Amino acid sequence: MTQNQPRSWTLFLFLCLLLGAQALLLDRPVDRDHSGDHDGRKFETEEDVSGAMEALNVWAAQRAYPSRVIPDVGHAAAFEEMRFQKAQAASAQQDPIDHLVTPWSSIGPNNIGGRTLCLALQPGNPSIIYAGSASGGLWKTTTGGVGADAWDYVDTGYPVSAVGTIAIDPTNVNVIYIGTGEVYQYQNSIGGDVYRTTRGSYGIGILKSTDGGATWSKSLDWSLNQTRGVWCIRIHPTNSSILYAATTEGIYKSLDAGANWNLVLNVVMGTDLRIHPTTPETVIAACGNFGSAGHGIYRTTNGGGAWTKLGGGLPISWTGKALIDISPVNPAIVYASISNSGAGIGLYRSLNAGGTWCLMSSIDYPQYQGWYSHYVACSPTNASVLYVGGIDIWRSTNSGTTLNIMSDWTQIFLGSPQPGQPGGGPQYAHADHHFAVWHPTDANSVFFASDGGVFKTTDAGFSFTGLNGGYVTTQFYQGFSNSKLTANYAIGGMQDNLTAIYEGTTAWRRVIGGDGCWPAIHPSNDLTVYGAAQFLDIYRTINGGGNWTSVAPPNPGGSVTAFVAPYV
Numbered sequence: 264m265t266q267n268q269p270r271s272w273t274l275f276l277f278l279c280l281l282l283g284a285q286a287l288l289l290d291r292p293v294d295r296d297h298s299g300d301h302d303g304r305k306f307e308t309e310e311d312v313s314g315a316m317e318a319l320n321v322w323a324a325q326r327a328y329p330s331r332v333i334p335d336v337g338h339a340a341a342f343e344e345m346r347f348q349k350a351q352a353a354s355a356q357q358d359p360i361d362h363l364v365t366p367w368s369s370i371g372p373n374n375i376g377g378r379t380l381c382l383a384l385q386p387g388n389p390s391i392i393y394a395g396s397a398s399g400g401l402w403k404t405t406t407g408g409v410g411a412d413a414w415d416y417v418d419t420g421y422p423v424s425a426v427g428t429i430a431i432d433p434t435n436v437n438v439i440y441i442g443t444g445e446v447y448q449y450q451n452s453i454g455g456d457v458y459r460t461t462r463g464s465y466g467i468g469i470l471k472s473t474d475g476g477a478t479w480s481k482s483l484d485w486s487l488n489q490t491r492g493v494w495c496i497r498i499h500p501t502n503s504s505i506l507y508a509a510t511t512e513g514i515y516k517s518l519d520a521g522a523n524w525n526l527v528l529n530v531v532m533g534t535d536l537r538i539h540p541t542t543p544e545t546v547i548a549a550c551g552n553f554g555s556a557g558h559g560i561y562r563t564t565n566g567g568g569a570w571t572k573l574g575g576g577l578p579i580s581w582t583g584k585a586l587i588d589i590s591p592v593n594p595a596i597v598y599a600s601i602s603n604s605g606a607g608i609g610l611y612r613s614l615n616a617g618g619t620w621c622l623m624s625s626i627d628y629p630q631y632q633g634w635y636s637h638y639v640a641c642s643p644t645n646a647s648v649l650y651v652g653g654i655d656i657w658r659s660t661n662s663g664t665t666l667n668i669m670s671d672w673t674q675i676f677l678g679s680p681q682p683g684q685p686g687g688g689p690q691y692a693h694a695d696h697h698f699a700v701w702h703p704t705d706a707n708s709v710f711f712a713s714d715g716g717v718f719k720t721t722d723a724g725f726s727f728t729g730l731n732g733g734y735v736t737t738q739f740y741q742g743f744s745n746s747k748l749t750a751n752y753a754i755g756g757m758q759d760n761l762t763a764i765y766e767g768t769t770a771w772r773r774v775i776g777g778d779g780c781w782p783a784i785h786p787s788n789d790l791t792v793y794g795a796a797q798f799l800d801i802y803r804t805i806n807g808g809g810n811w812t813s814v815a816p817p818n819p820g821g822s823v824t825a826f827v828a829p830y831v
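Taking the working numbering, I'd label the letters of the sequence shown as residues 264 to 831.
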């Protein structure tokens, strides 16, 4: 939204006290050393815990106020009321409300991708890719993501912000399922009272399309339970009417192509699942986050009729989440990436479909994002080759015994690269990786989803290319400033994607690193601009963003400072 700037520019800084700020405190402190030169790379390395957690806490607190819990039905109810009013206007032969205002049009950024949770390549045509963003809904490319305007938004007709999983029927690619909502913690209790879920966006359940995404219908309808989310949908390899879904409520199964769903594993916070490709009655599922009740890795050998919690070398417990994958080459080989919330535990492998496990590597690739962003993805042609993701991308050619870091998020470019052009150096892939999918016929090509959008390697991870041209999914925080003097001049801060300036084109100019927070353009001088990173780390430029100087208050980042804090 547009933030009107005050006329008084004696920079009086104050720390923003959020109601219930103590409930937002994390279990480990954030290192907020603000010394040194400012650039776009500084802030990730300073965090001992995830800035993503701080951002999600702010998101939830704002929408719950004055309550502690976001109303279950508020978002969907408002959407349905809007549709009702438009229908009433149409039946009364009145102009609907959207004809009474000037239509909105996108101004980008078209050169910066936003947080992306999942990808799906269309079977038989990997140039068609669907991407699930964290707050921008569902997107589709027919060019493999290549080009300045490679992506199109897919309108589902529903209030879908976060898409956490996508499944395409291999026997009929017009049939697509998406799971909605971004929920990382089922409940957060303080003093015995339920406080809220930890989530990044609303969910309404599972949607289904039978015409390639042109129209959608509700499959698993959670419109009135928006604190729920869906993290994984899998389709039976020989009977596409059978589906499984990993959700915040547990593992669900459908026998009729999503018309009806039944809870088959009642363990909260289902995060991942895989169906055995040759023995599909065997399903392995991961459940739990933040040490939720019953967390672990489970297996059924009779299609969900009975489940066994697996052990045999796995950790007894963990406080983050687990992600799994089955080798397509040898389905007896199963990998599990397991982490605590603040540090990785390890990469595990089973050679007997989950019966027993062995620790392959204890390298801490998730780091402080163990509750949030990591994965394991097996090669479709070689059971010993895999990728794991966390802050960066790692690759192994010996079943995880050795993990080699391949990406370098610090190679990010400031400035304004053109849409579809590189956003960093040759090893640049944005930090915080959520998902990876292999090209079905090219063993050297893999697609990745991260907090900075979509990336690809075509040379086995030795270099990466951004596929974000026209992928308009960045998440702007509430502080946004328009120039009072110039129509095509504005500045905004984005989740994990720096602060950027709009100058009349969709190629926005990145200027300040970290999470981009509250900005301000001087009302009588466009050359004087303020911007901030998290916790009131404020900077000023007097030459339109060419150079920036710290003007942060003394000892910013106290425990009562909001992650995205305003100032006047």
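Every residue, glycine too, gets a C-beta built ideally from N, C-alpha and C. Predicted, not measured: the structure shown is a model, and the values here were computed from it.
In terms of residues, what are the limits of the beta strand (DSSP E) holding residue i?
| i | result |
| --- | --- |
| Arg326 | Segment Gly314 to Ala327 is the alpha helix (DSSP H) holding Arg326; no beta strand (DSSP E) there. |
| Gly559 | Gly559 to Thr563 |
| Ala383 | Thr379 to Gln385 |
| Leu586 | Ala585 to Ile589 |
| Leu483 | Ser480 to Asp484 |
| Phe698 | His696 to Trp701 |
| Met532 | Premise fails: Met532 is in no beta strand (DSSP E) and is neither H nor E. |
| Asn810 | No beta strand (DSSP E) contains Asn810, which DSSP labels as neither H nor E. |
| Trp781 | Unbroken run through Trp781: none, as it is neither H nor E. |
| Asp800 | Asp800 to Thr804 |
| Arg833 | Only positions 264 to 831 of the chain appear in this structure, which leaves residue 833 out of reach. |
| Phe711 | Val709 to Ser713 |
| Ala796 | Val792 to Ala796 |
Check residue i in the structure and name its three-state DSSP category.
| i | result |
| --- | --- |
| Met623 | strand |
| Tyr628 | coil |
| Glu544 | coil |
| Trp672 | helix |
| Ser836 | There is simply no residue 836 to check, as the chain begins at 264 and stops at 831 in what is shown. |
| Lys832 | Because the chain spans 264 through 831 in this model, residue 832 falls outside it and cannot be assessed. |
| Met345 | helix |
| Gln448 | strand |
| Ala549 | strand |
| Val423 | coil |
| Ser464 | strand |
| Asp311 | Note on Asp311: pLDDT 45, under 50, position unreliable in the model; the coordinate value appears next. Note: Asp311 maps to coil in three-state DSSP. |
| Ser744 | strand |
| Ser354 | helix |
| Ala249 | Nothing can be reported for residue 249: it is not among the residues displayed for the chain, which extend from 264 to 831. |
| Ala616 | coil |
| Ala832 | Because residue 832 is not part of the residues shown, which for the chain are 264 to 831, the question remains open. |
| Ala763 | strand |
| Ala339 | helix |
| Leu846 | Outside the shown range of the chain (264 to 831) lies residue 846, about which nothing can therefore be said. |
| Tyr515 | strand |
| Ile439 | strand |
| Asn373 | coil |
| Phe718 | strand |
| Ser503 | coil |
Output the distance between the C-alpha atoms of residue i and residue j, rounded to the nearest integer angstrom.
| i | j | result |
| --- | --- | --- |
| Thr812 | Val321 | 27 Å |
| Ser464 | Gly444 | 6 Å |
| Ala646 | Ile668 | 19 Å |
| Asn388 | Phe711 | 18 Å |
| Arg537 | Asn707 | 23 Å |
| Gly408 | Ala394 | 10 Å |
| Ser503 | Asp432 | 7 Å |
| Phe553 | Gly807 | 44 Å |
| Pro594 | Lys516 | 21 Å |
| Phe676 | Gly688 | 7 Å |
| Tyr638 | Asp722 | 20 Å |
| Val700 | Ala815 | 42 Å |
| Thr824 | Gly314 | 14 Å |
| Gly820 | Val827 | 11 Å |
| Thr490 | Val530 | 16 Å |
| Tyr440 | Asn788 | 50 Å |
| Thr737 | Gly575 | 42 Å |
| Tyr765 | Asp627 | 38 Å |
- Message: Is it the case that the stretch 795-803 contacts the stretch 718-734, given that we only count it when at least three CB pairs across the two stretches are under 8 Å?
- Response: With a cut-off of 8 Å, the stretch 795-803 and the stretch 718-734 do not count as touching, because too few Cβ pairs lie within range.
- Query: Per the contact definition of three or more C-beta pairs closer than 8 Å, is the stretch 738-756 in contact with the stretch 344-355?
  - Reply: Judged by Cβ distances under 8 Å, the stretch 344-355 makes no contact with the stretch 738-756, as fewer than three pairs qualify.
- Query: Is there contact between the stretch 371-387 and the stretch 649-664, where contact requires at least three CB pairs shorter than 8 Å?
  - Reply: Between the stretch 371-387 and the stretch 649-664, the count of C-beta pairs closer than 8 Å stays below three; the two stretches do not touch.
- Kindly provide the ranges of any beta strand (DSSP E) runs that are 3 or more residues long and lie completely inside the stretch 635-672, ordered along the chain. DSSP assignment within the stretch 635-672 yields the following whole beta strand (DSSP E) runs of 3 residues or more, N-terminal first: 638-641, 649-652 and 656-659.
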